[in-house]
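The structure under discussion appears below in the form of structure tokens.
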Amino acid sequence: ELRKQVSLLQTQLQEKDDQLFELSATVATIEAESTHKISFSEKQSLQKLRVAQEELTRYKMQLSTTNAALAEQKKRNAELASIQAQSHSNGKTATLKSPDNSRMWKEAEERKKLANAA
Numbered sequence: 002e003l004r005k006q007v008s009l010l011q012t013q014l015q016e017k018d019d020q021l022f023e024l025s026a027t028v029a030t031i032e033a034e035s036t037h038k039i040s041f042s043e044k045q046s047l048q049k050l051r052v053a054q055e056e057l058t059r060y061k062m063q064l065s066t067t068n069a070a071l072a073e074q075k076k077r078n079a080e081l082a083s084i085q086a087q088s089h090s091n092g093k094t095a096t097l098k099s100p101d102n103s104r105m106w107k108e109a110e111e112r113k114k115l116a117n118a119a
């Protein structure tokens with residue numbers, strides 16, 4: 002009777018050991034999969050962050066260029082208004098319709114080329 006109980010307990014112990022081994026293997030597999038998924042997600046997030054930072058830098062550069070062009074255009078408009086005001090005060094009619102026959106237009110274009118070259 003005692004031998005039967007010992008044998009039964011040994012069988013139960015072996016079954017529990019087998020279950021424990023299977024559970025340990027399952028935990029190891031889950032840990033490996035989780036680590037891989039976390040690493041993959043971190044890499045994806047960093048890549049998305051880099052792309053967003055590059056886009057932000059590009060947008061800032063475009064904004065800066067646009068602001069510079071706007072400031073230059075405002076300056077040109079002020080110069081044109083000044084020339085037109087002087088022409089009207091002298092009793093002359095300003096003829097600034099064509100860039101080819103205007104010294105001011107030529108100077109403005111030269112300034113623009115110099116600014117773009119810099």
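Position one of the sequence shown corresponds to residue 2 (the numbering used here), numbered consecutively onward.
Cβ atoms here follow ideal geometry from the backbone N, Cα and C, with glycine treated the same way.
Quick caveat: nothing in here was measured; it's all calculated off a predicted structure.
Within 8 Å, strictly: CB atoms of residue i and residue j
i	j	result
E73	A116	yes
Interface flag, residue i vs chain B, CB-CB below 8 Å
i	result
E2	Among the protein chains of the structure shown there is no chain B, as only one such chain exists.
Neighbourhood of residue i by C-beta, 6 Å cutoff - its chain only, sequence neighbours within 5 removed
i	result
R59	none
A79	none
Beta-carbon proximity list for residue i, same chain, < 7 Å, skipping 5 on both sides
i	result
K61	none
Contacting residues, own chain, Cβ-Cβ under 8 Å from residue i (five flanking each side not counted)
i	result
K69	It is worth fixing the name first, because residue 69 is Ala in this sequence and not Lys. Once the five neighbours on either side are set aside, the close Cβ partners of A69 are A116.
- prompt: In the segment 8-85, which residue ranges form an unbroken beta strand (DSSP E) of at least 3 residues, counting only runs that do not cross its ends?
  reply: none
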